[in-house]
Amino acid sequence: MKPHLTTTVTAGLAAAIVLSACSGSSSNGTAASSSVTSPRASTPTHSTPSYHPTISPADFSPTITNPYFPLKPGTTKIYEGVRDGKPTHSELVTTTQTRMVMGVTCVVVHDTVTSGGALVEKTDDWYAQHKDGTVWYFGENTAEYVNGVVSSTHGTWEAGVDGAVPGVIMYAKPTVGTAYYQEFRPGEAEDRAKILTLDTTIAVPAGTFHNVITTEDSDPLNPDKTDKKWFAPGVGVVHSTRIRSGHHEESSLVKVTTS
2 MKPHLTTTVT
12 AGLAAAIVLS
22 ACSGSSSNGT
32 AASSSVTSPR
42 ASTPTHSTPS
52 YHPTISPADF
62 SPTITNPYFP
72 LKPGTTKIYE
82 GVRDGKPTHS
92 ELVTTTQTRM
102 VMGVTCVVVH
112 DTVTSGGALV
122 EKTDDWYAQH
132 KDGTVWYFGE
142 NTAEYVNGVV
152 SSTHGTWEAG
162 VDGAVPGVIM
172 YAKPTVGTAY
182 YQEFRPGEAE
192 DRAKILTLDT
202 TIAVPAGTFH
212 NVITTEDSDP
222 LNPDKTDKKW
232 FAPGVGVVHS
242 TRIRSGHHEE
252 SSLVKVTTS
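Take any residue in the sequence shown, count from 1 to its spot, add 1: that is its number in this note's numbering.
In structure tokens:
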């Protein structure tokens, strides 16, 4: 979900934030046998992070059918964009592979980013869908490259390891103002999101999409970074931007293929 091409966006972006509380009971975030009822990912205060979603593996599936974040095995989503003035190309492949995380079977998504034909980043992301339709993010194995050599694996995390717990990528019933963790490993990965709109229209190379959900992401570990994403029904992310001091990325969906 990375950078390009000018888009046309309509509908105002609401900025109000409503913090949602966990509706299930709390646990230490690592007890695979815990029970949960329609869990919610809450956003605690910046100074005292306290985030403990309760996870029951039996309530999750690697089959992702949420209309705003569908992951059908064999599907490749191709994005093009610009990172600091340089063209980028990104391919997200939903595989038939799975990975067990906290006792939950997750689908594996390969994300490969190149710039000028050179490899920039490779990531394996792990997702699972709760029985209520909410998509949860259970971790990633990521590596950045310079001249074909791994330069950093910063950002790699796995739920259940080193205090990390899963976060939400897309709710089954998203509402404007909801704020939540997308990922959480203290001091390493604490990305948060809030839903701005449910009815945006956006035009990208892959087409024009309506009833698009827009989100704004933030990271207390990198307070100067702001991401925005546009999620189209039946597709998932169709556009994204990232802005931080001296850095700018933009990415748009150009093609979806299914094998």
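Glycine is no exception: its CB is placed at the ideal position from the N, C-alpha and C atoms. These numbers were taken from a predicted model, which means no experiment stands behind them.
Where do the ends of the beta strand (DSSP E) carrying A160 lie?
-> Your numbering for residue 160 matches position 159 in the sequence shown. The continuous stretches of beta strand (DSSP E) do not include A160, and DSSP gives it neither H nor E.
Identity of the residues DSSP links to M103 by a beta bridge = Position 102 of the sequence shown, counting from 1, holds the residue named residue 103. Answer by DSSP bridge pairing: none, since M103 is not bridged.
Could you please give me the residues that DSSP links to P88 through a beta bridge?
-> What you label residue 88 is simply residue 87 of the sequence shown in a count that begins at 1. Paired residue(s): V83.
Could you confirm whether any beta carbon from chain B is found closer than 8 Å to the beta carbon of T76?
-> Any reference to chain B falls outside this structure, which holds one protein chain only.
Report the three-state DSSP secondary structure of A173 (helix, strand or coil).
-> As a working note, residue 173 is residue 172 in the sequence shown. DSSP places A173 in coil when its eight states are reduced to three.
Distance CB(D125)-CB(V108) smaller than 8 Å | Here residue 125 is taken as the residue at index 124 of the sequence shown, counted from 1. Here residue 108 is taken as the residue at index 107 of the sequence shown, counted from 1. For D125 and V108, no; Cβs fall outside 8 Å.
If you check the beta carbons only, do V105 and F61 fall under 8 Å apart?
-> The residue given as residue 105 occupies position 104 in the sequence shown. The residue given as residue 61 occupies position 60 in the sequence shown. The criterion of a C-beta distance shorter than 8 Å is satisfied by V105 and F61.
Would you call the stretch 165-178 and the stretch 130-145 touching, i.e. three or more CB-CB distances under 8 Å?
-> Short answer: they touch.
Identity of the residues DSSP links to G168 by a beta bridge | Here residue 168 corresponds to residue number 167 of the sequence shown, with the count starting at 1. Partner residues in the beta bridge of G168, as assigned by DSSP, are Y138.
Does the beta-carbon of K87 have 16 or more other beta-carbons within 10 angstroms, so that it is buried, or is it exposed?
-> As a first step, residue 87 must be located in the sequence shown, where it is residue number 86. When all chains shown are included, K87 counts as exposed.
E122 beta carbon less than 8 Å from that of E145 | For this step, residue 145 is matched to residue 144 along the sequence shown. For this step, residue 122 is matched to residue 121 along the sequence shown. Result yes, Cβ atoms of E145 and E122 sit closer than 8 Å.
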